[in-house]
Structure formats: C-alpha cells, structure tokens
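Notes follow once the structure below has been shown.
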Amino acid sequence: MIDCVVNTLTMIDCVVNTLTMIDCVVNTLTMIDCVVKTLTMIDCVVNTLTMIDCVVNTLTMIDCVVNTLTMIDCVVNTLTMIDCVVNTLTMIDCVVNTLTMIAL
C-alpha cells in the first residue's frame with residue numbers, strides 16, 4: 232500500500248510538472264505575441280516616418296514651384312521694363328525728329 236501511495240504521489244508530481252510546463256508554453260506564446268505586436272508597431276512607426284518624409288518632399292516641391300513662379304514674374308517685370316525703355320527711346324526719337332523738322 233505504501234508503494235501505491237508513493238506511485239500516486241509520483242503521478243501527482245508528474246501532473247504538476249506537466250501543468251507547470253504547459254504554463255511555461257503559454258507564457259512563451261504570450262511573449263511571442265507581444266514581440267509580434269511590437270514589430271507591428273515598429274512597422275507602423277516606419278510607415279509614419281516614410282509618410283512624413285513624403286510630405287516634406289511634397290512641400291519642398293511646392294516651394295520649388297513657388298520659386299519658379301516668382302522667377303517667371305521677375306522675367307515678366309524685366310521684359311515690361313525693357314518695353315518701357317524702348318517706348319521711351321521711341322519717344323525721344325520722335326522728339327528729335329520733330330525738332331529736326333522744326334529746325335529745317
């Protein structure tokens with residue numbers, strides 16, 4: 232009978248060890264799930280940073296377009312000024328021609 236009790240206690244110890252091992256497996260799976268969630272979060276952060284970089288590049292491109300339009304405006308103003316100078320020279324030529332005609 233003592234031998235039977237010892238065998239029963241040994242079996243109970245074996246069951247406890249099995250349950251402990253199952254608990255360890257559950258904890259390991261929980262840790263793996265946590266690692267997967269962390270990696271997913273890191274991927275999300277990387278995607279957010281990539282999106283921010285894209286926005287910065289878009290804003291840089293918009294700034295470049297604005298600078299180009301400003302330069303075009305400057306060229307138009309320069310051409311307008313050249314036209315004004317040509318008109319002034321034409322007017323001076325007209326005055327000279329008028330004075331020449333009066334002198335004759």
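Quick note: the sequence shown uses this note's numbering, first residue 232, plus one each step. The beta-carbon is built from N, C-alpha and C at its ideal position, and this holds for glycine as well. Remember, predicted model here, so these are calculated numbers, not experimental data.
Assigned secondary structure, L270 (DSSP; H/G/I helix, E/B strand, else coil)
Residue 270 sits at position 39 when you count from the first residue of the sequence shown. Correct three-state label for L270: helix.
Between L270 and V307, what straight-line distance do the alpha-carbon atoms span, to the nearest angstrom?
As a working mapping, residue 270 is identified with position 39 in the sequence shown. As a working mapping, residue 307 is identified with position 76 in the sequence shown. C-alpha separation (whole angstroms): 55 Å.
From V267 to T289, what distance separates their C-alpha atoms?
As a first step, residue 267 is located in the sequence shown; it is residue number 36 there, counting from the start. As a first step, residue 289 is located in the sequence shown; it is residue number 58 there, counting from the start. Roughly 33 Å separates the two Cα atoms.
Which of helix, strand or coil does DSSP assign to L320?
For this step, residue 320 is matched to residue 89 along the sequence shown. In the structure shown, L320 sits in a helix (DSSP, three-state: H, G or I).
Suppose you measure from the CA of C245 to the CA of I273; what does that come to, to the nearest Å?
As a first step, residue 245 must be located in the sequence shown, where it is residue number 14. As a first step, residue 273 must be located in the sequence shown, where it is residue number 42. Whole-angstrom Cα-Cα distance: 42 Å.
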